[in-house]
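Protein chains in written order, with the working numbering: chain F, 89 to 372; chain D, -10 to 327; chain E, 599 to 942. Okay, structure first, notes after.
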Amino acid sequence: MSATADTLLRKLSKKTSRSSLAAMSVGDVVLYVIVAFFLMALVVPSLFAPYDPLELSSARLESPNWAHWFGTDEAGRDVFSRTVYALRPSLGASLMVVGFSAFVGSTLGVIAGYRGGFLDAVLMRVIDVFLAFPYLILAIALSVSLGAGIRTSIIVLSILWWPSYARQFRGQVLALKTQPFVDSARVSLVPTRTIVFKHFWPHLAPHIAARASMAVGNVILALAALSFLGLGAQPPIPELGSMIAQGRNYMLIAWWYSFFPGLVIVVIVLTSLAVSDRMQQSGS
Amino acid sequence: MTFLALGRRLTSGVFVIWIVVSITFLISHVIPADPARAAAGLNAGAEQVEATAIALGLNEPVWTQYGNYISGLVHGDLGTSFSTRQPLRGNLFAAIPATFELVLWSMVIYIVLGIGVGLCWGSTRSRRVSNVTRTIVSMCVAMPVFWVALMLQMWIAGRLGWAPIQGRLSSDMTAPAQTTGFHTIDAVLSGQPSVFLDAVWHLLLPVTTLVIWLFALAARVTSTAVSEEWRAAYVRTARAKGASRTRTVLHHIFRNAMNPVVTVLGMQFGWLLGGTVLVEVVFSWPGIGLYMFSAMQVFDYPVILAVTIVISVAFVFVNLIVDLLYPVLDPRLRESRN
Amino acid sequence: MTTTHHNSQDRADRALDSAFWHVDRLSVVYQSEDGTRLEAVSDLSFELKSGQVLAIVGESGSGKSTVVSAITGLLAENGLISGGSIVTSEGDLATLSEQEMCDLRGALFGYLPQQPMAAMNPTMTVGRQIAESAMIHTGIRYKEGRAKAIDLMRSLGLRDPELLVDQFPHQLSGGMLQRVLLAAALINDPDTLIADEPTSAVDASSKWQIVELIGDLARERGLSVLLVTHDISVVERAADEIAVMYGGRLVEHGPTKTVIDSPQHPYTSGLLGSRVSETTPHQSLLNEIPGIPIDLPTLALTPGCPFAARCDRAVEDCHDVFPQTKRSHGRMVACHNPLELRHA
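Right, dumping it as structure tokens:
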């Protein structure tokens, strides 16, 4: 279809469909509920967990039943409760990683894009080296050196994640730089900092948000992988990846042990993808 | 590509490897409180630690160690394992073919499957097909690769017995004569069909795990590229000449869409390597991933370092090939013939 | 459905039945998901005659591109032919299935796109793109197709076709690519050529060359040409008949000379007055048509003549009902208050 007819049709549609904007789709509502649940479980796990995650009992390796929705592990601990409490190291840590790397990455990227020159060139080389390199290998090497633990995982993943933000925002700043409002701001001697924060921010924010929410999913996969290998949270702290690893030992007799924590990861990742999609749609 | 451009890419590749190696080396020798203790074992006495330090050259200043290491690398000496106290080259090179076989089979299958699905997905006009595919692809991407490996192992191998639980070959089979290091190819070359089948049987689950995860990524990027191309002017021209949708996709869109796809596939190779480590751990596949995992548990830094180097080299090499592919795909990037 | 291969004998016979294609009351509608409809073409009728060039003229938004899409069967997903027919020797194109249309595209008619560089596949050689239609419809292999392509390129005035044929589009100039595209459109010797704004993205000298070439082809081969353009000067040079579109409707139609000498519809008059030609004196004010160009969404909701808002000859009827067609002396106009005919 010609470009003219395309835009005209869209204009016409918007005019007549404004009234239906108020109704949110069922999918959106479900999404918000899920996100709310995760965030609350993150902050107040005791609200959702029927048992103390560290509470030992004699009900060892019980398959899922009404008392224990996700079954129990080898020490009689309720898997469901442990999963809820595991959200803090898993989801919480990934939020921290994303927050940190988004902040550092976008700031550096924006500055490099805006200033250009030597700083920009150096940054790009660094990013190129980091960006596609098998991060898990590096993460393993770094984690072994720094010592296993949640804190290490957070640091390591933050180091490995910020370059992708930097690159994206550098690109967007380069595009924004050519816009006329930048020149007029410059001419009026507005300081760089103001230009960046006050003027660029509204354009960049939705993209940062969309990217960040998608990253939550990816980071949690990386965190779980590190924990699975034994480099993340240490026992008895429950963490989704390490629970899966522990479940390996009881693979043939207690399928629920490894299954449910993994399922929760899948749900979290899908949720973060969906949230990211929504943000993209509303931003553009 | 000109020799100059090739030379430039090679140099930058070596540069990348050097940076990675240096960073890993420094981190593994500077940060840990006491690498000698780690090497000697956590229960070792003070004297033993001392002796270990001297034996492994850990008591020298860091820069000396670094220098020795780099010069050793250049001469092909990849270091000495802390745990075996032997040069680790032997073990490392023995493990490489296993990983290579796993990676290569996975790549062939996931690329064909991923691009195929992506072509259909990007061209379909059916909302239903598009949504169903997107759901399936999203699920495949959201599942942690080690979890998928474990689930397959648990249910397909453990419960149903349709595939072996671990390893490259059954315990009663011997590996075929080494030509390529690939059990599958070697078995065919030496005319041992039963070994070939056994090797394939063992590859089934590990390869499936990697493919499930990776094909989704490939399908997604292919689909996006293809649906972008459908909007191009030349597609309309082709259709106006009587080309059916199928012909348009295969003869016109495919080649043009491959440019961004190849770029992303090159980047994905890094993730593939990471995923391979996890898969090797779950299936006890005797490759460099498992080697690294074992080393990790005893703080055997030289091994970790060596594996990192091997992987860096592989990664740089693959990206080089990707760079060489661009002019093949897009004539505009070739040197002018006139 | 097999593709009938037309030859000059057939065409000679057909020339006696001089109306080749007959588009009758064609209407095309675009629909969005929420049901909003946009009628991009309303009640369009015209004929294509053998050996003649018919130019459809209009600004963007007039619906002329949609006409091309509808005829070639390449309307976007949300577009459909809501009424009328496109009658050709192979039947009513509006009723054919996708498979049947595939058989006809490139065989019954050839399509010449705009923007030659963008309209070519950058990763395929020029020769293959020219031969493609022949390979699809007659099943020949590339070896044969390549030879045909070379001959055709030569006859269209391309020098050294043996060298060009294996080159890629980015190695040729815009003007050369235009001829390549023409070759691709004509390789199966179709009866009709649909040229979709062939001059809009081409430099001035190439523009006249291609226009002359099209005109020559029409005369020499008995090709009927549907030339869609917004450039009146091109129409003057090459077209035998001109059809003016505005707001999806045909507002004037007639032999080029007479319409240009004496336009009947106020829009046509405005178009002619605002064009630049060699005779326009320097620094003279170009006559503008007052008002803003057509806003189809608004149009969709208002009855009457689409040009009424901008017309300085509008009468009351113009806002209420679309004018009936008035025919005389081989011309037609749809206007409540047409201009007086200037008799030569």
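No residue lacks a Cβ here, since even glycine has one placed at the ideal position from N, Cα and C. Model, not experiment: these values are computed from the prediction.
Can you give me, in chain order, the residues of the segment 333 to 347 of chain F that have a beta carbon less than 9 Å from any beta carbon in chain D? A333, G335, R336, M339, L340, W343, S346, F347
Apply the 10 Å Cβ neighbour rule to A110 of chain F and answer buried if 16 or more other Cβ atoms are within range, or exposed otherwise. Residue placement at A110 of chain F is poorly supported in this model, since its pLDDT is 44, which falls under 50; the coordinates still yield a value, given next. Looking at its Cβ environment, which holds fewer than 16 other Cβ atoms inside 10 Å, A110 of chain F is exposed.
Under the three-state reduction of DSSP, which class applies to G689 of chain E: helix, strand or coil? Residue state, collapsed to three classes: strand.
Between E:E631, E:M722, E:L779, E:V655, which has its C-alpha nearest G677 of chain E's C-alpha? For the residues E:E631, E:M722, E:L779, E:V655, the minimum Cα distance to G677 of chain E belongs to E:E631.
For I356 of chain F versus G318 of chain F, is the C-beta distance shorter than 8 Å? No, these two residues do not count as a Cβ contact at 8 Å.
Are L754 of chain E and A781 of chain E closer than 8 Å when you measure CB to CB? Between L754 of chain E and A781 of chain E, the gap from beta carbon to beta carbon is short of 8 Å.
Determine the DSSP secondary structure at Q765 of chain E, reduced to helix, strand or coil. coil
Consider the Cβ of I734 of chain E: report whether some Cβ of chain D lies at a distance smaller than 8 Å. yes
Strictly below 7 Å CB to CB, what residues from chain B border P133 of chain D? No chain B is part of this structure, whose protein chains are labelled F, D and E.
Indicate, with yes or no, if the ligand NAP has a heavy atom lying under 7 Å from the CB of G259 of chain F. Inclusion of the ligand NAP in the displayed structure is not the case, the ligand content being empty and no account of it being possible.
Since F206 of chain F meets chain D, which of its residues come closer than 9 Å, beta carbon to beta carbon? Chain D residues near F206 of chain F: none, gap ~18 Å exceeds 9 Å.
Check distances from the C-beta atoms of the segment 230 to 241 of chain D to those of chain E and list, in chain order, the residues that come in under 9 Å. Taking a C-beta cut-off of 9 Å against chain E, the contacting residues of the segment 230 to 241 of chain D are K230, G231, A232, S233, R234, R236, H240, H241, listed in chain order.
Go through its chain and collect everything with a Cβ distance to V919 of chain E's Cβ below 7 Å, but skip five positions before and after it. P901, G902
For M930 of chain E, which residues does DSSP report across the bridge? The partner list for M930 of chain E (beta bridge, DSSP) reads E:H851, E:R925.
Take L254 of chain D as the anchor and find which of D:A207, D:L91, D:S127, D:S112 has the nearest alpha-carbon. D:A207
Could you tell me which residues DSSP puts in a beta bridge with P76 of chain D? D:T69
What are the complete beta strand (DSSP E) segments, minimum 3 residues, inside the segment 746 to 819 of chain E? 790 to 794
Looking at the structure shown, is E876 of chain E part of a helix, part of a strand, or coil, going by DSSP? Because E876 of chain E sits at a pLDDT of 49, beneath the cut-off of 50, its placement in the model cannot be relied upon, and the following sentence gives the value as read from the coordinates. E876 of chain E: coil per DSSP, three-state reduction.
To the nearest whole angstrom, what separates the beta carbons of L791 of chain E and V778 of chain E, a pair I think is in contact under 8 Å? At roughly 15 Å, the Cβ-Cβ gap does not stay under 8 Å, so L791 of chain E and V778 of chain E are not in contact.
Do V651 of chain E and V823 of chain E have their CB atoms nearer than 8 Å? yes
Chain-ordered neighbours of F766 of chain E on chain D, where CB pairs are closer than 9 Å: Going along chain D in sequence order, the residues near F766 of chain E (Cβ under 9 Å) are P320, R321, R323.
Tell me the DSSP secondary structure of F618 of chain E in three-state form. strand
Contact set between the segment 767 to 781 of chain E and chain D, restricted to residues whose Cβ is under 8 Å from the partner: H768, Q769, L779
Closest Cα partner of V287 of chain D within the set D:F272, D:F71, D:L199, D:L203: D:F71
Interface partners of F125 of chain F on chain D, CB under 9 Å: Neighbours of F125 of chain F on chain D: none; closest Cβ ~17 Å, over 9 Å.
Spell out the partners DSSP gives F707 of chain E in its beta bridges. Answer is E:R703, E:T790, bridged to F707 of chain E.
Taking the C-alpha atoms as reference points, what is the distance between N719 of chain E and V51 of chain D? 58 Å
Nearest to Q776 of chain E by alpha carbon, out of E:D764, E:V685, E:D794, E:D787? Among E:D764, E:V685, E:D794, E:D787, the Cα nearest to that of Q776 of chain E belongs to E:D794.
Since P86 of chain D contacts G180 of chain D with CB under 8 Å, what's their CB separation in whole angstroms? That belief does not hold up - the Cβ atoms of P86 of chain D and G180 of chain D are roughly 20 Å apart, past 8 Å.
Below 9 Å on C-beta distance, what does W260 of chain D contact in chain F? A220, P222, Y223, L224
Cβ shell of T113 of chain D (< 7 Å), same chain only, five flanking positions each side left out: S119
Throw me the rounded Cβ distance for the A668 of chain E and L624 of chain E pair, which I believe falls under 8 Å. 7 Å
So who's on the other strand from D166 of chain F, going by DSSP bridges? Answer is F:T160.
In whole angstroms, give me the CA-to-CA distance for W151 of chain D and P275 of chain D. 21 Å
First and last residue of the beta strand (DSSP E) that includes T827 of chain E? Element bounds for T827 of chain E: 822 to 827.
Inter-stretch contact (C-beta, 8 Å, three-pair minimum) for the segment 202 to 212 of chain F and the segment 245 to 265 of chain F: yes
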